[in-house]
Amino acid sequence: MAPRFVLRLLCAALALLWAGGAAFAHPHVWVTMKTQVLYGPDGMVTGLKQDWTFDEAFTAFALQGLERNKDGTYPDSVLKPLAEVNVTSLKEYEYFVRAKTAKAQVRFKDPTDYSLTFANDALTLHFILPLEKPVPAKGLMTFEIYDPTMFVSFSFAEKDPVTLAGTPEGCAFQVITAQGPQAGQLTEDFFSRLTASSSYGAQFADRIQVKCP
Amino acid sequence: MGKAARQGLWLAGGLGLLLALLALDGALAQGVAQSGAKTTPFGLGAPAAAPSGLTGYIIAKQSEFYRALIQAVRAAKADGAALPLLAGLSFAYGVFHAAGPGHGKAVISSYLLADGGTLRRGITLAFASAVVQALAAILFVGALALVLGATARTMADAMNMVEIAAYGAIALFGAWLAFQKGRAFVAVLLGRPLPGAHVHDATCGCADKHAPDPHLLDGPGGWRRAAIAVVSAGARPCSGAILVLTFALSQGVLWSGIAATFAMAAGTALTVSAIAILAVYGKRLAVRFAAAASGRGTLLLLGIELAAALLVLGFGLALLSGYLASERLLPG
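So the sequences go chain by chain: C and R. Sequential numbering from 638 applies to the first sequence in my numbering. Sequential numbering from 153 applies to the second sequence in my numbering.
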């Protein structure tokens, strides 16, 4: 009995060491995000505008050693290239944004109109992610913004996490966080119909759902 | 079976169960992370399921402490009285943070498995590697950010070089350790005397000839090897400490960042100690039972040590090749 038991103990110990070493990265960057869903004049969804505000420590790190104005702001000559670097390196992570319609995943093109602003000791990255092909607004669209490696921790802004710009009549959105749905501008009917179509995988990933009649 | 042996068995059983649970939790978390990282061509990929269980708890706690500690750095700028709060938060952050990768926990524990360890030695190594890591972070930010005014990009590049050096050292050290252990293992297997060891016979005064001498291979090189393990495990500063130090520097309160870094180190040392103690006792129990059962305890001991040395080598190579996810300093 003993040798086998010992072997198991050892295996468990080794597995622990291995798993402990590799198991998870922990967040080092916190992003508070706002999302604007963009609609074309024809009522099609054309893309998303993202505003990501970084936490103070990461902001300090990102701006470390860079030229600062006397009034505490940063010149465009600093912020522009930094925004460029951010957006370029985000490509590998597909901008941490996933979108799908009721039927299929939707792809994005490279971001346009990107910039960084600095206020209240925090950098905010603004960029527009155009859809590869605009999709009809009608029906349900889901957006998920997260880092699967957990290096960046995304959370919705408390105030106006989602806005709909140029929205066709009757559209509504819902923000779902790990804590459960938060009120958008929705009717009870909307919620019950959502629950009925249960094709939406895990219940508790942070995501945005937009529904248009 | 004697009372002591029965007690030992219970203890070992409990320990095994605990280890298994922890390992399972970690393995699950890893599975989640990997499935999340892949995207399927037509699907959304796995949603970012918030890790549950122990792993999720640890991540949630350390996030909480980190956010609070950043606020405390700012508070310490205005009012020195916030310093004890900052130290307390940093300590708590360190305790939870050390459960993640990049803290030499795995290297130190496998080294202890490989190279025979006492409780004192385990705790000493845990604290030493935490202090080395704190100093590495302070030196890193002090030299690059404070003295050279380096940018984030430069610091990330410098970190790459530190990583290659540190991980390479871990791999080399593991290879060398495995060579030493392998030689002893083969010698015992073939019935030759151990290289450099004294012979156990009726005259050596050992109480139990079947029980392996835990100090069999400590020898004069024991502490030197331990020092190599400590330095290679601690050389890569933790990203959290670098971010806190850089933030403190930007706020003009570098000293409070340094205090926070040392408090963090005390916290990580506590966690790493606990794991090191598990390694020390786990090995001791395993060897005792195996020795009682088979009478070939020495061979088994050397087998475990060889495996652990190979594990150190494996960690080094995995970290070096990027297969084993380490911490990042910049997204991208």
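Backbone N, C-alpha and C define an ideal beta-carbon position, used for all residues, glycine too. Just so we're clear, the structure is a prediction, and the values are computed from it rather than from any experiment.
Through-space distance from R440 of chain R to R226 of chain R, alpha-carbon basis: 53 Å
Residue(s) in a DSSP beta bridge with E781 of chain C: C:R735
Per-residue contacts from T303 of chain R into chain C (C-beta, under 7 Å): Q701, G702 and L703
Cutoff 9 Å: F414 of chain R Cβ touching any chain C Cβ: no
Interface flag, E311 of chain R vs chain C, CB-CB below 9 Å: Checking the displayed sequence, the identity of residue 311 of chain R turns out to be Met instead of Glu. With 9 Å as the cut-off, M311 of chain R does not count as an interface residue toward chain C.
CB contact check: S752 of chain C to chain R, cutoff 9 Å: no
CB contact flag (D853 of chain C, E795 of chain C, <9 Å): No statement about residue 853 of chain C is possible, as the shown extent of chain C runs from 638 to 850 and does not include it.
Identified DSSP bridge partners for M681 of chain C: C:P773
Interface partners of S790 of chain C on chain R, CB under 7 Å: S215
Residues near G468 of chain R in its chain [Cβ-Cβ closer than 6 Å; skip 5 each side]: Y319, I322, A323 and G326
Close beta carbons around V847 of chain C, own chain, < 6 Å, minus the five adjacent residues each side: V674, M778 and F810
9 Å Cβ cutoff, H665 of chain C in contact with chain R: yes
P236 of chain R vs M311 of chain R beta-carbon contact at 9 Å: no
Partners in chain R for E693 of chain C, counting only beta-carbon separations shorter than 8 Å: I222, R226 and F399
Beta carbon proximity, M778 of chain C to chain R, threshold 9 Å: no
Proximity test, Cβ basis, 9 Å: M670 of chain C and chain R: no
Nearest-angstrom Cα separation, counted from A251 of chain R out to D713 of chain C: 40 Å
Residues near V283 of chain R in its chain [Cβ-Cβ closer than 7 Å; skip 5 each side]: A417
Nearest-angstrom Cα separation, counted from V799 of chain C out to T669 of chain C: 12 Å
Residue-chain proximity (G268 of chain R, chain C), Cβ-Cβ < 9 Å: no
Test item: CB-CB of A393 of chain R and A239 of chain R under 9 Å: no
Beta-carbon spacing of V715 of chain C, L727 of chain C below 9 Å: no
Exposure label - W667 of chain C; buried when at least 16 CB within 10 Å: buried
Cβ-Cβ distance between T749 of chain C and P771 of chain C below 9 Å: no
Identity of the residues DSSP links to R844 of chain C by a beta bridge: C:I813
Cutoff 9 Å: I410 of chain R Cβ touching any chain C Cβ: no
Neighbour list for A720 of chain C in chain R, Cβ cutoff strictly below 7 Å: Ordered by position in chain R, no residue passes the 7 Å Cβ test against A720 of chain C, which lies about 13 Å from the chain.
Any chain C beta carbon closer than 9 Å to S242 of chain R: no
Assigned exposure category for P718 of chain C - 16 Cβ within 10 Å defines buried: exposed
D353 of chain R, DSSP secondary structure in three states: Only weak support is given to the placement of D353 of chain R: the predicted model assigns it a pLDDT of 45, under 50, and the value that follows is read from those uncertain coordinates. Coil.
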